[in-house]
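Some notes on the structure that comes next.
Numbering (our numbering), first residue to last: 75 to 372.
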């Protein structure tokens with residue numbers, strides 16, 4: 075059995091959310107039952123008519139663990155199932171960080187099945203968010219490297235807080251090759267030449283530079299972040315819903331289908347990279363440097 079098939083079966087049989095509120099869908103924290111004893115991973119609430127807010131709340135750095143990926147996938151699908159919800163703000167409940175990215179600890183010394191299950195969850199999370207009928211805006215309240223940058227690029231628009239924060243796809247700094255679907259999103263945002271350089275160098279840039287290159291759409295002070303992101307979302311929601319959704323799906327279909335048609339191959343490439351002894355050595359050295367910073371993401 076291919077690891078992807080086994081991973082999909084595990085995801086399909088995962089237990090549903092434990093809700094901590096009797097409210098229908100909103101004003102709740104979401105986590106998988108397996109992690110119920112830990113801090114909740116997402117905060118989801120109805121912000122205003124037709125808009126929901128989803129905040130990553132997995133301290134200390136919103137690392138995209140397997141459970142966080144599954145929780146975010148399910149949260150987006152639940153919101154899509156509500157005909158009254160047309161837009162979603164994706165932000166962070168953790169100060170100074172949007173998301174530190176993929177769960178680098180999962181990569182070190184893990185079994186093939188663990189890696190396969192994890193990467194399949196990442197693939198499904200991205201496909202769900204990227205192809206969502208919802209209008210989506212990322213409110214980037216801090217650092218957003220690697221997988222955090224991928225999350226923001228998966229949204230329709232991005233607003234980032236000003237300050238000494240960084241954003242970008244820095245996988246090469248850990249000896250990891252960013253998947254081609256990561257690269258496609260960056261190229262769509264900043265252009266082929268700029269993406270070519272940023273990906274090879276694993277470059278993390280300031281909010282001002284990110285704005286200049288087109289990686290984000292707006293830079294604002296922290297106290298204006300929520301309002302600016304909401305304003306951009308409302309601008310999209312003023313467009314007739316069916317026309318906006320059809321246009322979004324038309325534009326995003328090629329990238330989504332490129333992954334869907336070769337998910338098994340993408341998983342094989344990922345596992346070949348992560349099981350390479352040289353890559354494992356780099357990751358091990360990196361994790362050693364983070365001993366005083368638990369749960370640090372990539």
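Note that CB positions come from ideal geometry on N, CA and C, so glycine has one too.
Check                                                                                                                                                      : Outcome
Based on the DSSP secondary-structure assignment, which residues constitute the bridge partners of residue 120?                                            : 126
Just grab the DSSP bridge partners of residue 46 for me.                                                                                                   : Only positions 75 to 372 of the chain appear in the structure, and residue 46 is not among them; the question remains open.
From 363, 365, 355 and 118, pick the residue whose C-alpha is nearest to that of residue 182; which is it?                                                 : 355
Confirm, please, whether the CB-CB distance from residue 296 to residue 237 is below 9 Å.                                                                  : yes
Going by the DSSP bridge assignment, what does residue 294 pair with across the sheet?                                                                     : 235
Find the nearest neighbour of residue 244 within the set 291, 323, 234 and 270, judged by alpha-carbon distance.                                           : 270
Determine the closest residue to residue 333 out of 363, 225, 208 and 254, with distance taken between C-alpha atoms.                                      : 254
What are the boundary residues of the alpha helix (DSSP H) that residue 196 is part of?                                                                    : 186 to 204
Closest to residue 73 by CA distance: which of 215, 349 and 266 is it?                                                                                     : The shown model of the chain, from 75 to 372, leaves out residue 73, and the question about it has no answer.
Could you tell me if residue 112 is buried or exposed, where buried requires 16 or more neighbouring beta carbons within 10 angstroms of its beta carbon?  : Confidence is the limiting factor: at residue 112 the pLDDT is only 35, short of 50, which leaves the residue's position unreliable, though a coordinate-based value still follows. Counting Cβ neighbours within 10 Å, residue 112 comes out exposed, since fewer than 16 surround it.
Quick one: residues in its chain with C-beta nearer than 7 Å to the C-beta of residue 250, no 5 flanking neighbours on either side, listed in chain order? : 347 and 353
Find the nearest neighbour of residue 169 within the set 161, 322, 226 and 131, judged by alpha-carbon distance.                                           : 131
Note down, one range per segment and in chain order, each alpha helix (DSSP H) of at least 4 residues found wholly within the region 235 to 311.           : 254 to 264, 266 to 275, 281 to 287 and 299 to 311
So is residue 363 buried or exposed if we call it buried at 16+ other beta carbons inside 10 Å?                                                            : exposed
Going by DSSP, what residues sit across from residue 349 in a beta bridge?                                                                                 : Partner(s): none; residue 349 has no beta bridge.
Taking the alpha helix (DSSP H) that residue 329 belongs to, which residues open and close that run?                                                       : 315 to 334
Relative to the C-alpha of residue 318, which residue among 206, 118, 185 and 223 is closest?                                                              : 206
Starting from residue 363, follow the alpha helix (DSSP H) in both directions and report where the run begins and ends.                                    : From DSSP, residue 363 is part of no alpha helix (DSSP H); its letter is neither H nor E.
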